[in-house]
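A quick write-up on the structure given underneath.
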Amino acid sequence: MQNVLTELAQHVAEGLRKEPKALSSMYFYDDAGSRLFQQIMALPEYYPTRAEFAIFREHGAALAAALSPAAGQAFSLVELGAGDGAKTKLLLRELLAAGPDFTYAPVDISAGAMTGLVEALRRELPALRVAPVVEDYATALTQLRTWPGSKAVLFLGSNIGNFGPNERLSFLRQLAAPLAPADRLLIGFDLQKDPRRIRAAYDDAQGVTAAFNLNLLTRLNRELGADFDLAHWQHYTDYSPLTGAVRSFLVSTRAQQVRIEALDETINFAAWEVIHTENSYKFTRPQIEALAAEAGLRVVKIFTDAAGDFADVVLAR
Ligand code: AVI
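According to my numbering, the sequence shown is numbered sequentially starting from 9.
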């Protein structure tokens, strides 16, 4: 706990000294944030989750085949950021039915989420072998280097979109490094589409996404002894079809000072100054191909939903 606090405090100290001020969306996911994200995934405006579900429902058997190594070879299905595993269960069912010898290794930083997932899997898919890994991505990726046997690594839900261009490339290179030629990666990419639909997905009518963004300030109040007054902060989001990025901001609606006890610091915010809190990149197919090539990967197959909103891309070295 001490480490986590120190890391958060350090991040906030650096982020609020930047020009413009910025905090990482990585810190959205405390318990309240994770619950709000579950609600976001069910919102009418938030299409990515439904689109990826549709891909898993429509192409489950073909996905399972594309991820399995040659017949008879045992493999691990590693999932980074498993969450509640809802989508993956569709794939796991296909794999169990097709009969390859595999172990499911969900990776999640939250021990609570992992316990829930493992219990649900034991109940719903008793024949499944599960080897849970409670680690952050970086540690899990290091472990992957020494992972025995063949593997298929899943990174779903457009999580790749939350990295900036440089981080995205280095993350993919890290994912590619431990892969043998028969190993596979499956990455979920949200595709560029009507800009209004994209923007609406990040500024829903019920205000759940606003609450999700603002919850970051509640977290800083609780964990760092800050005194952000939420009445004077707003959620704002924009989408640029040129960069493909949805950017989310917390906007200070008046000039104000915020005390952060853990840093022994008072931060000044001008009226309408922003804290940039998230990027959610949307991709074109040529961008996905180019990114894969830069990371030393080749595109084996691209699965999309019927509307062409989302792509699950199978990659190999
Ligand atoms: C987790 N991640 C892929 C979500 C996204 O779409 O970028 C997080 C999110 N932020 C606002 N709404 C959803």
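Think of the CB as a built atom: it goes at the ideal place given N, C-alpha and C, for glycine as much as any other residue.
- Message: Which complete alpha helix (DSSP H) runs does the region 150–217 hold, if anything under 4 residues is left out?
- Response: 173–184 and 203–209
- Query: What's the gap between the Cα of alanine 94 and the Cα of threonine 123?
  - Reply: Taking C-alpha positions only, alanine 94 is separated from threonine 123 by approximately 14 angstroms.
- Confirm, please, whether the CB-CB distance from isoleucine 195 to lysine 290 is below 8 angstroms. no
- Item | Secondary structure of isoleucine 117, DSSP reduced to three states | coil
- Do you know how far the Cα of phenylalanine 64 is from the Cα of leucine 71? C-alpha separation (whole angstroms): 8 angstroms.
- Range of the contiguous beta strand (DSSP E) that encloses alanine 319: Run containing alanine 319: 318–324, per the beta strand (DSSP E) assignment.
- Would the beta-carbon of phenylalanine 277 be found less than 7 angstroms away from any heavy atom of ligand 1? Result no, Cβ not under 7 angstroms from ligand 1.
- Query: With respect to the alpha helix (DSSP H) encompassing histidine 67, which residues constitute its N-terminal and C-terminal limits?
  - Reply: 55–75
- Which residues in the same chain as threonine 285 place their Cβ atom closer than 7 angstroms to its Cβ, once the five residues preceding and following it in sequence are excluded? Leu31, Ser33, Asn221, Leu224, Ser256, Phe257 and Leu258
- From lysine 29 to proline 77, what does the alpha carbon distance come to, in whole angstroms? 46 angstroms
- Message: Considering only the alpha carbon of each residue, which of Asp109, Thr57 and Tyr54 lies closest to alanine 79?
- Response: Asp109
- Query: Nearest CA to the CA of isoleucine 310: which residue from Ser260, Leu98, Phe36 and Gly68?
  - Reply: Gly68
- Measure from the alpha carbon of alanine 300 to the alpha carbon of each residue in Ala128, Glu281, Arg181 and Glu66, then state which is nearest. Arg181
- Message: For a quick check, are the C-beta atoms of valine 141 and alanine 113 less than 8 angstroms apart?
- Response: yes
- Rank Thr57, Leu88 and Gly316 by C-alpha distance to the C-alpha of leucine 193 and give the top, closest one. Leu88
- Item | ligand 1 heavy atom lying under 7 angstroms from the CB of glycine 93 | no
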